[in-house]
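Going by full-length UniProt numbering, 307 is the number at position 307 of the sequence shown; the sequence numbering is gapless.
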Amino acid sequence: MKNPVVGTSCTLVLRKSYCVERNFGVPVETTTTTKPTGTPGNGISTPQPIQTGMVTNCNKFYFVQANEGCRDIAAAQGISLSAFYAWNPAAKSDCSGLWANVYVCVGIIGGPRATTSSTATTPTNGVSTPSPTQAGMASNCAKFYYVKENDGCRDVATAHGISLSDFYAWNPALKGDCSGLWANVYVCVGLLGQTATSQTTATTTTTGNGISTPQPTQPGMVSNCNRFHKVEAGQVCQQIADLYGIGLGNFDTWNPQVKSDCSGLWANTYVCVGVIGYTAPASTTRKTSTATRGNGVATPTPTQPGMVGNCKTFHLVVSGDTCRDIIDNAKITLAQFYSWNPSVGSNCQYLQLGVYACIGLI
């Protein structure tokens with residue numbers, strides 16, 4: 001009975017307040033998380049506090065955050081909504097009884113395995129979206145990544161060539177500090193109409209030599225490197241060595257884990273193409289031109305890695321050049337220059353000497 005004082009005769013007193021609905025959504029105030037204890041009869045350590053009425057054969061648990069819904073939790077854990085309700089009956093079939101800050105059951109002994117991702121077409125954008133997805137993911141997502149145990153937000157962003165801020169913006173449930181990242185769900189790593197570009201990476205000073213080193217680097221790279229190249233998909237060791245005039249032997253020495261057959265070269269990482277105290281031989285390479293396939297424009301070589309394919313006007317980078325100097329002379333914007341030459345970095349830190357950059361399109 002909600003108001004026992006009124007008695008069976010329902011005697012109400014003027015200017016008094018009475019309860020008309022019991023609150024099932026908030027657990028007892030004194031409830032605290034305690035160390036797991038063995039659940040009698042099944043040997044599974046059960047964390048506390050738990051949702052009232054949870055099944056006794058549960059072997060997988062989830063701690064409910066504020067504002068989460070039953071459907072989101074079920075999807076994230078790869079179980080059906082009906083199974084979630086069956087294992088947590090106090091949540092009620094409309095989720096009105098779900099409590100925050102308690103553990104619910106998301107798996108039972110001998111129960112169904114978490115479902116692998118199935119795809120469904122998102123009606124608003126036509127992109128086939130795998131499930132389960134991270135709650136709150138951007139609706140215009142076009143590229144997805146399945147999160148594994150021990151993945152971190154920065155690692156995922158780096159691997160997909162996107163900024164950490166974009167990753168958080170497209171997956172707001174991560175809370176901006178990665179504390180909301182779930183394993184075994186899909187997160188968004190690309191939007192409709194968004195083109196992956198070279199990621200803006202923070203640089204760190206290598207201890208002992210004072211050189212700012214871009215990240216991520218090829219594993220095993222020498223510590224006295226002072227010149228770097230970001231490897232593009234499809235590039236090979238000989239091509240990179242020729243581009244910088246350093247010889248394949250030097251390249252292999254400075255990047256030993258690429259192996260002598262180049263099988264260890266990783267795309268989207270930085271390799272060493274120069275070390276402290278090394279001077280590349282005077283280049284005897286003369287300007288050569290080849291017709292760029294598909295547009296008929298004679299393109300000089302070598303070019304800035306990743307340069308757009310529809311370029312028609314080029315600038316040979318010489319000693320002392322800066323991106324600002326180049327764009328001022330070409331009468332273009334900095335945004336255009338970075339867009340046409342993405343590998344120069346977000347502040348011109350990777351502009352390469354002795355190569356051609358694009359300063360005008362067809």
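Even for Gly, the Cβ is constructed at its ideal location relative to N, Cα and C.
Treat the numbers as computed from the prediction; the structure is a model and nothing was measured.
Residue i, enclosing alpha helix (DSSP H) - first and last residue
| i | result |
| --- | --- |
| Gln48 | That residue, Gln48, is in no alpha helix (DSSP H); its beta strand (DSSP E) goes 45-48. |
| Gly351 | According to the sequence shown, residue 351 is Leu rather than Gly. No alpha helix (DSSP H) contains Leu351, which DSSP labels as neither H nor E. |
| Cys70 | 70-77 |
CB of residue i within 7 Å of CB of residue j, strictly
| i | j | result |
| --- | --- | --- |
| Phe144 | Cys153 | no |
| Cys70 | Phe61 | no |
| Val102 | Pro49 | yes |
| Cys358 | Cys311 | yes |
| Val185 | Thr133 | yes |
| Trp266 | Gln235 | no |
| Ser343 | Pro305 | yes |
| Ala135 | Asp177 | no |
| Val55 | Gln77 | no |
| Val308 | Leu353 | no |
| Arg227 | Gly277 | no |
| Ala90 | Ala66 | no |
| Val258 | Gly249 | no |
| Glu149 | Ala183 | yes |
| Cys237 | Trp254 | no |
| Asn88 | Met137 | no |
| Ile326 | His315 | yes |
Per-residue burial, residue i [other beta carbons within 10 Å of its own, 16 or more giving buried]
| i | result |
| --- | --- |
| Ala298 | exposed |
| Thr158 | buried |
| Cys190 | For the record, residue 190 in the displayed sequence is Gly; it is not Cys. So Gly190 counts as buried. |
| Arg324 | exposed |
| Lys230 | buried |
| Gly241 | Here the sequence assigns Ala to residue 241, which means Gly is not the residue at that position. Buried, since its Cβ has 16 or more Cβ neighbours within 10 Å. |
| Thr205 | Only weak support is given to the placement of Thr205: the predicted model assigns it a pLDDT of 44, under 50, and the question is left unresolved by the model. |
| Ile246 | buried |
| Ala74 | buried |
Under the three-state DSSP convention, the category residue i falls into
| i | result |
| --- | --- |
| Pro300 | strand |
| Cys19 | coil |
| Ser339 | helix |
| Pro89 | helix |
| Ala83 | helix |
| Ile326 | helix |
| Val344 | helix |
| Leu181 | coil |
| Leu334 | helix |
| Leu316 | strand |
| Ala291 | Residue confidence for Ala291 is low, a pLDDT of 44 falling below 50, so the modelled location carries little weight; the figure read from the coordinates is stated next. In this structure, Ala291 counts as strand in the three-state DSSP scheme. |
| Cys10 | coil |
| Ala114 | Reliability fails at Ala114, whose pLDDT of 48 lies under 50, so the model's placement of it is uncertain and the value that follows must be treated cautiously. DSSP places Ala114 in coil when its eight states are reduced to three. |
| Arg286 | Low confidence applies to Arg286: its pLDDT is 37, below 50, so where it sits in the model is not reliable, and the reading given next is rough at best. Looking at Arg286 - three-state DSSP - the assignment turns out to be coil, as it is neither helix nor strand. |
| Gly274 | strand |
| Ala142 | strand |
| Gly309 | coil |
| Gly360 | strand |
Range of the contiguous beta strand (DSSP E) that encloses residue i
| i | result |
| --- | --- |
| Ile108 | 103-108 |
| Cys95 | Taken as a continuous stretch (DSSP letters only), Cys95 belongs to no beta strand (DSSP E), as it is neither H nor E. |
| Asn268 | Segment: none, Asn268 is in no beta strand (DSSP E) and carries neither H nor E. |
| Lys60 | 58-63 |
| Cys188 | 186-191 |
| Pro130 | 128-131 |
Ordered list of alpha helix (DSSP H) runs contained in the region 144-179, each at least 4 residues
153-159, 164-170
Only counting runs of 4 or more residues, tell me where the alpha helix (DSSP H) segments fall wholly within the region 202-265, in order along the chain.
237-244, 248-254
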